[in-house]
Amino acid sequence: FGARSATHCKDVSDALCPDKYFSDTYLDARSQFRSLSSALQSNAEMYHLPVYALSHDDDDDEHLTMDVTILNANSSSNHLLVHMSGTHGVEGYAGSAIQLA
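Below you can see the structure in the form of structure tokens.
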């Protein structure tokens, strides 16, 4: 993701404001997704799969990752919904916003 400067609302905390869900950078979007997943931890399984290292140190903030959260992992349901975002690039903005909404 690159920097985003447009805002569409006067009050970003308003639940109907799209700016509340769109992140400025990849790292911001990932952080928000991980925070939301952690809040659901009692009902979720989380995985962080390294894809590409942006630097040679071991700092997780410097790696591109595929982050997976499985909700209702212990469910006996036969149904599955998979939502992926950021697979190729620009659709990452919309995909991340959908995941946070």
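If you're matching positions, the sequence shown starts at 20 in the numbering used here and goes up one per residue.
We put the CB at the ideal spot given by N, CA and C, even for glycine.
Item to complete: Could you tell me whether the segment 63 to 74 touches the segment 85 to 92, where touching means 3 or more Cβ pairs closer than 8 Å?
Response: Short answer: they touch.
Worksheet entry | Distance CB(residue 120)-CB(residue 45) smaller than 9 Å | Their beta carbons are not under 9 Å apart, which means residue 120 does not touch residue 45 by this criterion.
Item to complete: Answer with buried or exposed for residue 92, where buried requires no fewer than 16 other C-beta atoms within 10 angstroms of its C-beta.
Response: It counts as exposed.
Fill in: Residue environment, residue 50, which counts as buried when at least 16 other CB atoms sit within 10 Å
Result: exposed.
Discussion item. List, from N- to C-terminal side, the alpha helix (DSSP H) runs of 4 residues or more that fit wholly inside the segment 31 to 64.
Written reply: The alpha helix (DSSP H) runs of length 4 or more contained entirely in the segment 31 to 64 are, from start to end of the chain, 45 to 58.
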